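What follows is a set of notes on a single structure, which appears directly below.
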Amino acid sequence: MGAKRATAVSLATFHDLFTRLGNIPPERVLMDPAPGTATPRDVLRLYEKHKRLFELVDGTLVEKGMGAAESSIANYISHLFYSYLEARNLKGLILGEAGTLKFLKKLVRIPDVSYTHWDRLPGGKVPSEPIPDLAPDLCVEVLSKKNTRLEMERKLKEYFLAGVQLVWFVDPKRRTVRVFTSPDDVTELTTADTLDGGDVLPGFSVPVARLFADLEVAPKPKRKKR
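The sequence shown begins at 728 in the numbering used here and counts up by one.
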């Protein structure tokens, strides 16, 4: 009887855990260290030892799911940001898909791309800490199959609570970009539209279609038979 009750309690506890994390797939949650006990040191240890990226949410390690297509889009956006800064002789901190940041207490997130104005960096230099206590001006998330709607809604609220000004959700499946200036203010762009940098990156623009152009390679023309 006691064993059955303990099992029921455990199942209920895990159900609550996955619900709070946004109904993410169970395989993305690391059970060692036990949920609720993990620290930023565990995030660093797992990356240094196994090259696996984990976010820290309420003391729980959640593996960041990202495939080749998502990584390709994120790298291209980073390239666009660097080109934007160089063309205007500006400086800013651009971090890619391994740019681990502490947004709030007990919250470590890894945006696929982030941008921070240089004058917001402590001491006007790139942080030396492996997990800086820093909320960027702009966060970009390239959605993957393993992301859930509730997970991204939670992440969106956390970003703005920490002080982020602009968030982009890039969706390779739907070929859209959702632009958030707050958790409740969103504009959805399609491949017929142009994405701009708003007040964070004034003058920046790119056709939405270009973000997805490299995902599908055009077939080679057939050679004519002689």
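All C-beta atoms in this analysis are idealised placements derived from N, C-alpha and C, irrespective of residue type, glycine included. As the structure is a computational prediction, the values presented were derived from the model and not from experiment.
In terms of DSSP beta bridges, what is residue i paired with?
i, result
"Phe-781", "Glu-790"
"Arg-755", "Its beta-bridge partners do not exist; DSSP assigns none."
"Ser-798", "Ser-798 is not bridged to any residue."
"Pro-934", "Thr-921"
"Tyr-842", "Ile-821 and Leu-865"
Go ahead and label residue i buried or exposed: buried means 16 or more other beta carbons lie within 10 angstroms of its beta carbon, across all protein chains shown.
i, result
"Trp-895", "buried"
"Gly-924", "buried"
"Gly-819", "buried"
"Pro-849", "exposed"
"Leu-861", "buried"
"Asp-911", "exposed"
"Glu-856", "exposed"
"Asp-846", "exposed"
"Arg-901", "exposed"
For residue i, which three-state DSSP category applies?
i, result
"Gly-749", "coil"
"Ser-805", "helix"
"Arg-901", "coil"
"Ser-871", "coil"
"Val-913", "strand"
"Leu-817", "coil"
"Asp-864", "coil"
"Lys-832", "coil"
"Thr-766", "coil"
"Thr-740", "helix"
"Leu-812", "helix"
For residue i and residue j, which I take to be in contact (beta-carbon distance under 8 Å), what is that distance rounded to the nearest angstrom?
i, j, result
"Leu-877", "Ser-841", "Not a contact, Cβ separation roughly 22 Å."
"Pro-767", "Lys-829", "7 Å"
"Val-904", "Ala-801", "About 13 Å; that fails the 8 Å criterion."
"Gly-786", "Lys-873", "About 21 Å; that fails the 8 Å criterion."
Mind checking if residue i is an interface residue toward chain C, Cβ cutoff 8 Å exclusive?
i, result
"Ala-919", "Note that chain C does not occur in the displayed structure, where there is just one protein chain."
### Query
Would you call the region 776-788 and the region 757-766 touching, i.e. three or more CB-CB distances under 8 Å?
Verdict: yes, contact present.
Counting Cβ pairs closer than 8 Å, one from the region 880-895 and one from the region 925-939, do we hit at least three?
Contact between the region 880-895 and the region 925-939 is present, because at least three Cβ pairs lie under 8 Å.
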